[in-house]
Amino acid sequence: MLRILCLALCGLLTRTRADPGALLRLGMDIMNQVQSAMDESHILEKMAAEAGKKRPGVKPIKGITNLKVKDVQLPVITLSFIPGVGIFQCVSTGMTITGKSFMGGNMEIIVVLNITATNRLLQDKETGLPTFKSEGCEVILVSVKTNLPSNMLPKVVNKFLYSTLHKVLPGLMCPAIDAVLVYVNRKWANLSAPMPVGQVGTVKYVLTSIPTTTASYIQVDLNPVVQQQEGNTIEPADAGEPLEFPEDYAKGSSQLLLSAAFLTAELALLQKSFDVNVQDMVIGKLPSQTTETLAAFIPEVAEAYPKPKPLVAQIRINKPPTVTAKTGKSLLHLHGTLQMFAARRRGRAPVSLFLLEIHFNLRIQYSVREDRLQMATSLDRLLSLSRASSSVGTFNVKELTGFIKGYLQEAYIPVINDVLQVGLPLPGFLDMNYNLAEVDIVENALLLDLKLD
């Protein structure tokens, strides 16, 4: 019985550690970038230029010399998902093959063809990155036209053409498929690269397993590693419920899902920056910040300081910030202290008036700029306020509620929003442009609906 319990607990712990903090779902809209990869790499043009060169280990083709390839048509690429495997690829193109024929004259063969291959999606053992590997490449002739004399026996012509093409084309075209996949695979390279969060740490995204292919999309499960500048890793808290995509998105569309637990771990990097000292007398829309302001709520302050003194405040966050998400609303929970001082003449330390323990929520508004998730906050609720110590006697803390809310909104939150402008890094893959992504807050997560145009 004890052994069964231990096995169950070990299994539970293993699943918890393996739970991804980010899920990436890639529909055909994103994967169709293979078309642009072929255009950008100019692989077919390079293939044509290499066709007439002598290559080691490649025997010359009988019946044709001075082989050249020209007039390569812009390829049309059709992709479809193969569940559990990867992507089936069909490249439709055309070209003209020229050379000297066995009859001694110049020969032109105008070919339209399809190249088909299965691109198996794997995880590279060395880098841990997703990688495509081509399998089963075939060249299918759609049409063939030639300038060979029409009075030649058709069977002789056809035999020569098809024998020639079946020798030439696979050696020319299948390496082009492999070359395009090498180009595409390079576009995964930045996925696991550590990306800075200001000067306080880094975030990198690591695959938890081989990506999964379904009939509508490829899913990549990511374990984000959040590391402080000193090298310590911040482990995300157990999210409880497994991270799952909502069902109300278009079939075959692409999304990135970031768990609230992961966002919490990222913001832990910034916790020290959430400690703020406020020394300005004039703050936003607030009245002049002096002991006279406080005296309206705490009469003892007026007795202790009949002549107004400037106020100085220290806000310290003593627990890691926590992000929560419910459909349509995300909050940043902050626990800490607010200590108010009366300033004295230059060179003399300010005098503490009181120390409050405080818990408040900030509502988060998300946006995307380039490859960074941006946050802007506003005060949602002041959840608790209690007196820890006071040099001005006992007072009713509730009387300060309005004052503290205004102080947080005008003096503290602008500083926090400046800190958050550093942005949180998003996974880099396939040259993804996040600027058009639509951001939705879902249960326990943030969802980016990825758009290309």
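Letter by letter, the sequence shown follows residues -18 to -1, 1 to 435 in mature numbering (1 follows the signal peptide of the UniProt record, and there is no 0).
Just so it is clear, CB atoms sit at the ideal spot from N, CA and C, and this is done for glycine as well.
Take residue i as the anchor and find which of the options has the nearest alpha-carbon.
| i | options | result |
| --- | --- | --- |
| L320 | V260, T272, L249 | V260 |
| G68 | L163, S373, E229, E120 | L163 |
| D400 | Q356, L429, D422 | Q356 |
| M29 | D106, G76, L245 | G76 |
| L364 | G388, Y165, A427 | G388 |
| L344 | L154, V350, L402, V126 | L402 |
| S312 | L335, S366, T246 | T246 |
| H24 | M13, V166, P152 | V166 |
| V58 | T47, N48, V73, I340 | V73 |
| K308 | H148, V182, A427 | A427 |
| E352 | L61, N417, G266 | N417 |
| E425 | T273, A370, S372, E226 | E226 |
| V350 | L382, R328, L432 | L432 |
Across which residues does DSSP place residue i in a beta bridge pair?
| i | result |
| --- | --- |
| D220 | BP columns for D220 are empty, so no partner. |
| P178 | T184 |
| residue 447 | Because the chain in this structure spans residues -18 to 435, residue 447 falls outside the shown range and cannot be described. |
| V424 | A427 |
| E339 | T319, S368 |
Grab me the residues of residue i's own chain with a C-beta within less than 8 Å of its C-beta, minus the 5 sequence neighbours each way, in chain order.
| i | result |
| --- | --- |
| Y394 | V258, V260, I297 |
| A250 | V208, I216, P302, P303 |
| residue 479 | Absent from the structure is residue 479, since the part of the chain shown begins at -18 and ends at 435. |
| P157 | M29 |
Kindly list the residues whose CB is nearer than 7 Å to the CB of residue i, restricted to its own chain and excluding five residues on each side of it in sequence; keep chain order.
| i | result |
| --- | --- |
| L173 | L111, Y187, P409, G410, F411 |
| N415 | none |
| residue 440 | Summary: the structure shown does not reach residue 440, with the chain confined to residues -18 through 435, and so no result is reported for it. |
| D413 | K169 |
| E223 | N426 |
| T(-5) | Confidence at T(-5) is low in this model, with a pLDDT of 38, below 50, so its placement is unreliable and the value that follows should be read with caution. Here the set comprises nothing. |
Rounded to the nearest angstrom, how far is the Cβ of residue i from that of residue j, given a contact under 8 Å?
| i | j | result |
| --- | --- | --- |
| A242 | T306 | 6 Å |
| G87 | K50 | Not really, about 15 Å apart at Cβ, beyond 8 Å. |
| L293 | L276 | 7 Å |
| L95 | V54 | Their Cβ separation, rounded to whole angstroms, is 11 Å, which puts L95 and V54 out of contact at 8 Å. |
| residue 442 | I386 | Coverage of the chain is limited to positions -18 through 435, which leaves residue 442 absent and any answer about it impossible. |
| I92 | K127 | 4 Å |
So, is residue i buried or exposed, given that buried needs 16 or more other C-beta atoms within 10 angstroms?
| i | result |
| --- | --- |
| A324 | buried |
| K291 | buried |
| Y144 | exposed |
| R7 | buried |
| E248 | buried |
| G384 | exposed |
| S236 | buried |
| P2 | buried |
| V124 | exposed |
| A295 | buried |
| V230 | Correcting the residue type first, residue 230 is Asp in the shown sequence and not Val. The residue in question, D230, is exposed, as its Cβ has fewer than 16 Cβ neighbours within 10 Å. |
| D220 | exposed |
Excluding five sequence neighbours on each side, which residues of the same chain lie with their C-beta closer than 6 Å to the C-beta of residue i?
| i | result |
| --- | --- |
| H315 | T304, N343 |
| C119 | A99, C156, I159 |
Kindly examine the ligand NAP and report whether one of its heavy atoms sits closer than 7 Å to the Cβ of residue i.
| i | result |
| --- | --- |
| V73 | The ligand NAP is absent from the structure shown, which contains no ligands of any kind. |
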